[in-house]
């Protein structure tokens, strides 16, 4: 009997945390999508994560196992796409508007720690974060475009994965030859990916002030959007935190 594929084991190891749904987090995401600036600042939190992850992988691209995944990762870089969206949404001084909160700082510290001590585990982050865009990007792009009135692709670059293929990405991971100890460490780190993603998403509630909330409700479209997004934000939450399959 063939051994179970690595990506299937990664999926199973994170199933429990996938199934945890936080209503307050979903509501905070719904509120974020009532305002372009709030959305951009929330996007900025994950910009830091992708920026540091891509830089770390660049520096480790010659390391064992990382070099096997790097060719595909190199074609899926998100840093420049994040920056293009943030420039459109926040203007020339976009970098001064971003939020570096405790949840983001801890995330970046973990990436730096793994780069130094165990680069293989960076692949847990590379797998789940990019798979989120590969599986959920089109749906979320449509949702963000509709809710924020974004047209002509401006402000939506981060969701464009070009010709990247999720099946090919999974196959490259499944082809890795790893010891059982290495696999177990990857599975444990996969759970940590979602823990830290959830911490960032939860921290976004602090971006939305009551003043902003009441101000946004003056718009009748926002009133309808808030209630609709209680459901739709679940999809956004999944895209950012699950990697889906």
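In the working numbering, the protein residues as written are 1 to 245.
Using N, Cα and C, we set each Cβ at its ideal position, and we do this for glycine too.
Keep in mind the model is a prediction, meaning the values are calculated, not measured.
What does the alpha-carbon distance come out to for the pair residue i and residue j?
i           : j           : result
residue 249 : residue 74  : The shown model of the chain, from 1 to 245, leaves out residue 249, and the question about it has no answer.
residue 116 : residue 124 : 15 angstroms
residue 158 : residue 81  : 5 angstroms
residue 6   : residue 133 : 20 angstroms
residue 89  : residue 42  : 12 angstroms
residue 12  : residue 93  : 42 angstroms
residue 10  : residue 76  : 20 angstroms
residue 31  : residue 62  : 42 angstroms
residue 150 : residue 141 : 10 angstroms
residue 33  : residue 135 : 20 angstroms
Quick check on residue i: does DSSP put it in helix, strand or coil?
i           : result
residue 14  : coil
residue 177 : coil
residue 233 : Residue placement at residue 233 is poorly supported in this model, since its pLDDT is 46, which falls under 50; the coordinates are not used for a value here.
residue 5   : coil
residue 80  : helix
residue 92  : coil
residue 23  : For residue 23, the predicted structure reports a pLDDT of 47, less than 50, and the residue's modelled location is therefore unreliable. A value from the coordinates is still provided. It is helical.
residue 151 : coil
residue 110 : helix
residue 33  : coil
Along the alpha helix (DSSP H) that carries residue i, what are the first and last residues, could you check?
i           : result
residue 50  : 36-59
residue 147 : 122-148
residue 71  : 66-74
residue 164 : Residue 164 -> no alpha helix (DSSP H), and no H or E assigned at all.
residue 158 : Unbroken run through residue 158: none, as it is neither H nor E.
residue 204 : Element bounds for residue 204: n/a, residue is neither H nor E.
residue 99  : Looking at the DSSP string, residue 99 is not in any alpha helix (DSSP H), and its letter there is neither H nor E.
Would residue i pass as a contact of residue j if the rule is Cβ separation under 9 angstroms?
i           : j           : result
residue 129 : residue 49  : yes
residue 53  : residue 166 : no
residue 182 : residue 120 : yes
residue 56  : residue 148 : no
residue 178 : residue 67  : no
By Cβ distance, which residues of its chain are closer than 7 angstroms to residue i, with the 5 residues on each side in sequence left out?
i           : result
residue 14  : 190, 191 and 194
residue 79  : 50, 51 and 54
residue 170 : 7
For residue i, which residues from the same chain have a beta carbon less than 6 angstroms from its beta carbon, with the 5 sequence-adjacent residues on both sides left out?
i          : result
residue 87 : 94
Ignore the nearest five residues each way along the sequence and tell me which others in residue i's own chain have a CB closer than 8 angstroms to its CB.
i          : result
residue 17 : 191, 194, 195 and 198
residue 3  : none
residue 72 : 164, 168, 169 and 172
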